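Mapped onto mature numbering (1 follows the signal peptide of the UniProt record, and there is no 0), the consecutive letters of the sequence shown carry residue numbers -16 to -1, 1 to 263. Where is the CB? At the ideal position from N, CA and C, for every residue including glycine. Fair warning: this is a prediction, and the values are worked out from it, not measured in the lab. Okay, structure first, notes after.
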Amino acid sequence: MRKQLAVILVAAMALASCNNVEVVDGVKIQKHEHDDAAPKLKEGDIITFDLVIKNDADSTIKDSRKEGKPLQDLVPPAAAPGAFKGSFENGLRLLSVGDSATIFVPVDSLFKDANQQVPPFLKRGTDVRFIVKIKKSQSRAEFEKEMTKLSAEQTGKDAKLIEAYVANSGKKFTKTSTGLYASISNPGAGEGPQMGESWEVNYIGTFLDGKEFDKGAGVALPPVGQLVPGFNEALMLLKKGGKGTFVIPSALGYGAQGAAPRIPSNAILVFELEVLSKK
């Protein structure tokens, strides 16, 4: 019984020590979980982590978990001499894989200029709380190898889903060298969109299941080249007055990042597109 009690007391003391707020190398931090034996984060490595950002009233500003995808970033170098040390980025250097912690960053340090406007959900003299959970740390080489593998796997998944969609669409599609699928009902005539040009279009964007995520009529688009690759290519396949249906694999769309909240990770996009006139 005494042994069990001793173990419980040691565990409780360790938990209590992890929950103390302390200042380490200029960073105000509260560690919730920490393992001294876990690999420490190294400068230049790429970390994968969950992040919740809250203000002093405990209101959530951001929650990557609700967005459905953890964040990734480089472990930064140490702060330069004379620079502010209490940043979130500098706090990451104090953590190890598996750690969870809250890093407190003064609002006044985020908005250093006294005349700089502070968002209404923040107040000067308080801290922004960055609540972080470190899930993984990789060297750049390890990260690039993993991304190449995941990209190849996703390309295969996309191809199967698109082929099934095309087969049931009742339309004739052509696959371009990049992987874009195009069904052009009217190619149009005369001039057509070129890189750097802005054109007015009608469009409807859906997912493969037909769910609409965006549409526009007579919309002046950003210049060609500033849109996702598949949409850039689709535009340049049409002339003025041209119409077509285009299926954009995730790699030519928003990729693994998606475009929250409307476009999830690895989404395949379908666009009904009509080119109207050059702006």
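Would you please verify whether the beta carbon of residue i is less than 7 Å from any beta carbon of chain B?
i    : result
N250 : No chain B appears in this structure, which consists of one protein chain only.
Indicate the three-state DSSP secondary structure (helix, strand or coil) for residue i in the structure shown.
i           : result
P90         : strand
Q241        : helix
S249        : coil
N186        : strand
A235        : helix
D97         : coil
F255        : strand
G228        : strand
L260        : strand
T160        : coil
K26         : coil
residue 267 : This structure does not reach residue 267, given that the chain is present from -16 up to 263, and the question cannot be answered.
V208        : coil
K69         : coil
F105        : coil
V112        : strand
K117        : strand
A85         : strand
Mind checking which residues open and close the beta strand (DSSP E) that includes residue i?
i    : result
D198 : E196 to A204
T44  : T44 to D47
A166 : Y165 to N170
V5   : V5 to V8
T32  : I30 to K38
L58  : L55 to L58
K15  : V11 to E17
Just to confirm, are residue i and residue j a CB contact at a threshold of 7 Å?
i           : j    : result
A85         : V116 : yes
V11         : G75  : yes
V59         : L25  : yes
Y187        : G200 : yes
G209        : G237 : no
residue 342 : V259 : The displayed coordinates of the chain run from -16 to 263. Any statement about residue 342 would go beyond what the structure contains.
G202        : E181 : no
R227        : S153 : Note that residue 227 is Lys in the sequence shown here, rather than Arg. Taking 7 Å as the Cβ cut-off, K227 and S153 do not qualify as a contacting pair.
D92         : R108 : yes
F114        : I87  : yes
P23         : V81  : yes
L79         : I118 : yes
G242        : P248 : yes
A204        : K144 : no
F191        : R246 : no
Taking the alpha helix (DSSP H) that residue i belongs to, which residues open and close that run?
i    : result
K133 : R124 to S153
L76  : F72 to L76
F215 : P213 to M220
With distance defined between alpha-carbon atoms, name the residue in the options nearest to residue i.
i    : options                   : result
Q56  : L35, F157 and D42         : L35
H16  : N4, D9, P23 and E27       : N4
A173 : G225, K133, L211 and G163 : G225
P103 : R77, A143, I45 and K156   : I45
M131 : I30, P233, A244 and Q100  : I30
P54  : T32, G140 and K69         : T32
N250 : V203, A63, D142 and D20   : D142
Q14  : N216, K69, V89 and A22    : V89
G66  : D9, E51, F105 and I118    : D9
L257 : A240, G242, F230 and A244 : F230
P233 : P245, E217, A244 and A41  : E217
A244 : A63, A41 and G52          : G52
M179 : K156, M220 and I146       : M220
G194 : F157, E73, Y149 and G163  : Y149
A62  : G28, A41 and D47          : G28
S43  : Q138, V112 and S71        : V112
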